[in-house]
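Undergrad: Before anything else, here's the structure in question.
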Amino acid sequence: MLTLEQVGAGYGLSRVLNDVSLRVGPGELVTMLGRNGAGKTTLLRTIVGLHPVAAGKVTFAGNDVTGMMPHARARSGIGYVPQGRGIFPHLTVRENLRLGLAARFGRGEGRGAKLPDYIFDLFPVLARLSERKGGLLSGGEQQQLAIARALASKPTLLLLDEPTEGIQPSIVQDIQAALKRIRCELNVAMLLVEQYLDFAWSIADRFYVIQRGSIAAAGDTRECSADSVAHLMSV
Ligand SMILES: Nc1ncnc2c1ncn2[C@@H]1O[C@H](COP(=O)(O)OP(=O)(O)O)[C@@H](O)[C@H]1O
Ligand SMILES: [Mg+2]
């Protein structure tokens, strides 16, 4: 459903991504592993249209989206959970979630739309905290809110940028359980960017490792051991 063919991108004259080709199939959970500065965030921003593609082609659901605006990609079914979560601290949990609806339906149409029930089913904590300001939530609660907000637009593909970063272990387990359910019950495909190798390995079907902006390894998580790629990720 998502295909990148020899994608290149950069900042000014410096190339950050080189010749990146990858594929995520319908309902598949694929992880993109790589150390700090490897180009993971730039890659996701390029896929959602927040960063321009300098070379190559991005295809989603059979359409060439290489030059498409970010809101159009969101409407076509790409959900995005940015690194650092991107919660609006002065808005309540419910207001943050409604912004997710607007991403899909546009401001006007989104107003009457209802938040999907599965959001509070997946993240019961958000129902309890729905009137609390986003900035007052813990890191783990904010991460759950960021994932829920992306799901409010009913995406068919979810891009997650280091959802475990700075999160305590018990909440990492909750997030792991939620991602499994999102995949199995909602049949949403995912591209999970991570530095936390064991976490990503335990839930992904396939992996890629990105090193200095290029794909350095790829495979099936059941056929390879996490140890076999650890050296590509250590600093
Ligand atoms: N806004 C920017 N301007 C210039 N260079 C940037 C910018 N953002 C990131 N970079 C550079 O691009 C490279 C990849 O960064 P990034 O995509 O954030 O990596 P990762 O998410 O894997 O840590 C790094 O060398 C970083 O310094
Ligand atoms: Mg990053």
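Mapping of the sequence shown onto this note's numbering: residues 10 to 244, in sequence order. Beta carbons: idealized from backbone N, C-alpha and C, even for Gly. This one's a predicted model, so the numbers in the text were calculated from it and none came from an experiment.
1. Between which two residues does the beta strand (DSSP E) containing residue 20 stretch?
2. Considering only C-alpha positions, which residue in the set 99, 22, 31, 23 is nearest to residue 219?
3. Which whole-angstrom value is the C-beta distance of residue 90 and residue 183, which I expect to be below 8 Å?
4. Contact defined as beta carbons within less than 8 Å: I believe residue 128 pairs with residue 83. What is the distance between those atoms, to the nearest angstrom?
5. Nearest-angstrom Cα distance between residue 138 and residue 102?
6. Does the beta carbon of residue 220 fall short of 7 Å from some heavy atom of ligand 2?
7. Can you grab the Cα-Cα spacing for the pair residue 53 / residue 168, in whole Å?
8. Using the three-state DSSP reduction, which class does residue 52 fall into: helix, strand or coil?
9. Please name the residue or residues paired with residue 24 in a DSSP beta bridge.
10. Check residue 78 in the structure and name its three-state DSSP category.
11. Please return the same chain residues whose Cβ sits closer than 8 Å to the Cβ of residue 243, not counting the five positions on each side in sequence.
12. With a CB to CB cut of under 6 Å and the five nearest residues on each side skipped, what residues in its chain are close to residue 153?
TA: Reading it off the structure:
1. In the sequence shown, residue 20 corresponds to position 11, counting from 1. Per DSSP, residue 20 belongs to the beta strand (DSSP E) from 11-20.
2. Indexing the sequence shown from 1 puts residue 219 at position 210. Out of 99, 22, 31, 23, 31 has the C-alpha closest to the C-alpha of residue 219.
3. Numbered from its first residue, the sequence shown carries residue 90 at position 81. Numbered from its first residue, the sequence shown carries residue 183 at position 174. Wrong, their Cβ atoms sit about 15 Å apart, outside the cutoff.
4. Numbered from 1 along the sequence shown, position 119 holds the residue referred to as residue 128. Numbered from 1 along the sequence shown, position 74 holds the residue referred to as residue 83. That pair is no contact at about 17 Å.
5. In the sequence shown, residue 138 corresponds to position 129, counting from 1. In the sequence shown, residue 102 corresponds to position 93, counting from 1. Approximately 7 Å between the Cα atoms of the pair.
6. As a position in the sequence shown, residue 220 is number 211, starting the count at 1. No, since every heavy atom of ligand 2 falls outside the 7 Å radius drawn around the Cβ of residue 220.
7. As a position in the sequence shown, residue 53 is number 44, starting the count at 1. As a position in the sequence shown, residue 168 is number 159, starting the count at 1. If I take the Cα positions, the gap works out to 7 Å.
8. Locating residue 52 in the sequence shown gives position 43, where the first residue counts as 1. Helix.
9. Here the question's residue 24 lines up with position 15 in the sequence shown. Answer is 19.
10. Taking the sequence shown and counting its residues from 1, one reaches residue 78 at position 69. Coil.
11. By one-based count along the sequence shown, residue 243 stands at place 234. Around residue 243: 44.
12. For the purposes of this step, residue 153 is taken as residue 144 along the sequence shown, with counting starting at 1. 132, listed in sequence order.
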